[in-house]
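Please read the structure below before turning to the comments.
2 protein chains.
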Amino acid sequence: MKKLSANNRRLEAQDSDLPALAQRRGAYETVLKTALRLFAERGFGGTSVRDIAAAAAVQPATLYAHFPSKDHVLAELIKIGHEEHFSRLKIALLESQPDPREQVAALVRAHVRMHVEFPTLAVVANAELHACAPGLIMASLELRRQSEQMFQDVIERGIRMGLFKVPHAWLAMAMIAGAGLRVSHWYTPAFELSAAQVAETYTQMALRILGVAD
Amino acid sequence: MKKLSANNRRLEAQDSDLPALAQRRGAYETVLKTALRLFAERGFGGTSVRDIAAAAAVQPATLYAHFPSKDHVLAELIKIGHEEHFSRLKIALLESQPDPREQVAALVRAHVRMHVEFPTLAVVANAELHACAPGLIMASLELRRQSEQMFQDVIERGIRMGLFKVPHAWLAMAMIAGAGLRVSHWYTPAFELSAAQVAETYTQMALRILGVAD
DNA sequence: GTCTATAGTGGGATAGAC
DNA sequence: GTCTATCCCACTATAGAC
Chain A
1 MKKLSANNRR
11 LEAQDSDLPA
21 LAQRRGAYET
31 VLKTALRLFA
41 ERGFGGTSVR
51 DIAAAAAVQP
61 ATLYAHFPSK
71 DHVLAELIKI
81 GHEEHFSRLK
91 IALLESQPDP
101 REQVAALVRA
111 HVRMHVEFPT
121 LAVVANAELH
131 ACAPGLIMAS
141 LELRRQSEQM
151 FQDVIERGIR
161 MGLFKVPHAW
171 LAMAMIAGAG
181 LRVSHWYTPA
191 FELSAAQVAE
201 TYTQMALRIL
211 GVAD
Chain B
1001 MKKLSANNRR
1011 LEAQDSDLPA
1021 LAQRRGAYET
1031 VLKTALRLFA
1041 ERGFGGTSVR
1051 DIAAAAAVQP
1061 ATLYAHFPSK
1071 DHVLAELIKI
1081 GHEEHFSRLK
1091 IALLESQPDP
1101 REQVAALVRA
1111 HVRMHVEFPT
1121 LAVVANAELH
1131 ACAPGLIMAS
1141 LELRRQSEQM
1151 FQDVIERGIR
1161 MGLFKVPHAW
1171 LAMAMIAGAG
1181 LRVSHWYTPA
1191 FELSAAQVAE
1201 TYTQMALRIL
1211 GVAD
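If you read the protein sequences in the order shown, they are chains A and B. First residue of the first sequence? That's 1 in our numbering, and the numbers climb one at a time after it. First residue of the second sequence? That's 1001 in our numbering, and the numbers climb one at a time after it.
What follows is the structure, given as structure tokens:
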């Protein structure tokens, strides 16, 4: 039941769903979800507009009735992914008790759950950033920066309050956030633990990184 | 000095060097190193044979004198990356004291150093796996499996000896290994810590994940 | 909005001289 | 081994009917 290799998402993208944020009717959503799956499996450059159209059962010209270009399809997916991620972190923090340990736990839980619940979206939004014209993803990069800052602020407050003891605050954040990102590459519903259990375990291990005793 | 965002490697690939393992003379190495940089920046599908040839200052036909196809160029890079990684882990374990804490530290140190010293190679070998025909990367996938098994074996022995206490052995391995992988996406020599310092800090935090008191 | 059809460009790969 | 030249195909995107 355990994964043989912690890197198989892109071989056959499952769960290429989109958050409620992005659900529209008709060809728009069909194209977006199809493109998500294909970008994950073959990469942006390895997927043609014809591929997307064929898999979505529309003609290439139909795609251009909804998106100005292939780039814009990717940009839209990246935007949806980053907005959903940022939104979840923000809500998690808002609803948390003010104790930095609770706040970090809430952030890590939300971060991991995002990558477990929308793994394909997370893979594409992170791995295909380079394929998009910079102008199209500026807003997403800003959200990413703010998400990192949220983690940073909570960790630094915890250090000042004497609750966290880390060798290097930014590295601790990078390790915790980076580990969560990778979950999207291997998690499937067939894994022996549920999404919630994975999130809880990562949360517990993140607190250990920050020097909080169990 | 700290990175604004933990995801910039692919925007402008630096350090597109290859380990000594792969150093040959002439056009072969030039093409390989050039392809490495371009695959990192634009992705495999976003890079044409003409792009590689032009950046390497050779003609497209010259590339085909050294590689049977564009796929084989990528496969060779992936192979070099995985062989160097596996080799470093194996040596680290061989030279370590038998205490599982020492062994984990040696493995994490080697793992992170690989991703810090050859970040571009690591990014391509991990992010472009999907773009390669399965037959061309079978050996690399097997090395990857063995590398994960090395981590697993050491962690499970540490648990049996009562030295490690983790909520879930495989998840702890996935978190430690995954965090190390991500280092290749943000580390540059301009970072405020040296490669060795980053590796040491990650090692310390990995031991915390495993429940070892500082 | 969706289709058929196609324009115009750039793709991987090869032939054959030197 | 490296070059020039080129084949043939797939690519993104658009025009125009319905």
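Note that the Cβ used here is the ideal one computed from N, Cα and C, for glycine as well.
Within the stretch 1084-1127 of chain B, the runs of alpha helix (DSSP H) that reach at least 4 residues and sit entirely inside it are, in chain order, 1100-1117, 1119-1127. For residue 1161/B, no alpha helix (DSSP H) run applies, since DSSP gives it neither H nor E. Check the Cα spacing between residue 129/A and each of 79/A, 174/A, 178/A: the tightest is with 79/A. Take residue 12/A, set aside five residues on each side of it, and the residues of its chain with a beta-carbon closer than 7 Å to its own are 41, in chain order. With fewer than 16 other Cβ atoms inside 10 Å of its own Cβ, residue 1165/B counts as exposed.
A straight-line Cα-Cα distance of about 26 Å links residue 1053/B and residue 1117/B. Taking all protein chains shown into account, residue 1180/B has 16 or more neighbouring C-beta atoms within 10 Å of its C-beta and is therefore buried. Taking a contact to require three or more Cβ pairs closer than 8 Å, the stretch 1057-1073 of chain B and the stretch 1155-1163 of chain B do not qualify as touching. Inter-residue distance for residue 75/A and residue 1017/B is about 31 Å (C-alpha atoms, whole angstroms). Between residue 148/A and residue 173/A, the C-beta spacing is below 8 Å. 82/A is the residue among 82/A, 107/A, 35/A, 34/A whose C-alpha sits nearest the C-alpha of residue 138/A. Within the stretch 23-54 of chain A, those residues whose Cβ lies closer than 9 Å to any Cβ of chain B are, in chain order, 40, 41, 42, 43, 44, 45, 46, 47. Here DSSP, grouped into helix, strand and coil, assigns residue 67/A to coil.
C-alpha of residue 1055/B to C-alpha of residue 1034/B: approximately 7 Å in a straight line. Nearest CB-CB separation between residue 198/A and chain B: below the 8 Å threshold. For a cut-off of 8 Å, the C-beta gap from residue 1109/B to residue 1201/B is around 10 Å, too long to register as a contact. In this structure, the beta-carbon distance from residue 86/A to residue 36/A does not fall below 8 Å. When Cβ-Cβ separations below 8 Å define contact, residue 1146/B makes no contact with chain A. DSSP places residue 1186/B outside both helix and strand once states are collapsed to three, so it counts as coil. Within its own chain, the residues whose Cβ lies closer than 6 Å to the Cβ of residue 1184/B, once the five positions on either side in sequence are excluded, are 1115, 1119, 1122, 1123, listed in chain order. For residue 137/A, not one C-beta of chain B is nearer than 8 Å to its own C-beta.
Separation of residue 1026/B and residue 1008/B (C-alpha to C-alpha, rounded to the nearest whole angstrom) is 30 Å. Between the alpha carbons of residue 1112/B and residue 1194/B lies a distance of about 12 Å.
Identification of chain B residues near residue 159/A by a Cβ-Cβ cut-off of 9 Å yields none; the smallest Cβ-Cβ distance measures about 14 Å. Linking residue 51/A to residue 29/A through their CA atoms gives a straight-line distance of about 16 Å. Inter-residue distance for residue 6/A and residue 186/A is about 5 Å (C-alpha atoms, whole angstroms). The residues 154, in chain order, have a CB closer than 6 Å to that of residue 104/A in the same chain once the five nearest residues on each side in sequence are set aside. Residue burial is scored here from C-beta neighbours: residue 1089/B has at least 16 other C-beta atoms within 10 angstroms and is therefore classed as buried.
Across the structure, residue 38/A and residue 132/A are spaced so that their CA atoms are roughly 16 Å apart.
Boundaries for residue 1012/B: no alpha helix (DSSP H) harbours it, and the DSSP string shows neither H nor E there.
Contact between residue 1046/B and residue 44/A holds: CB atoms are separated by about 7 Å, below the 8 Å threshold. Straight-line measurement puts the Cα of residue 1096/B at about 46 Å from the Cα of residue 77/A. Using a Cβ-Cβ cut-off of 8 Å, residue 82/A does not count as an interface residue toward chain B, since no Cβ of chain B sits closer than that to its own. With respect to residue 1209/B, residue 208/A sits close: the two C-beta atoms are nearer than 8 Å. Counting along the chain, the unbroken alpha helix (DSSP H) around residue 1029/B starts and ends at 1027-1042.
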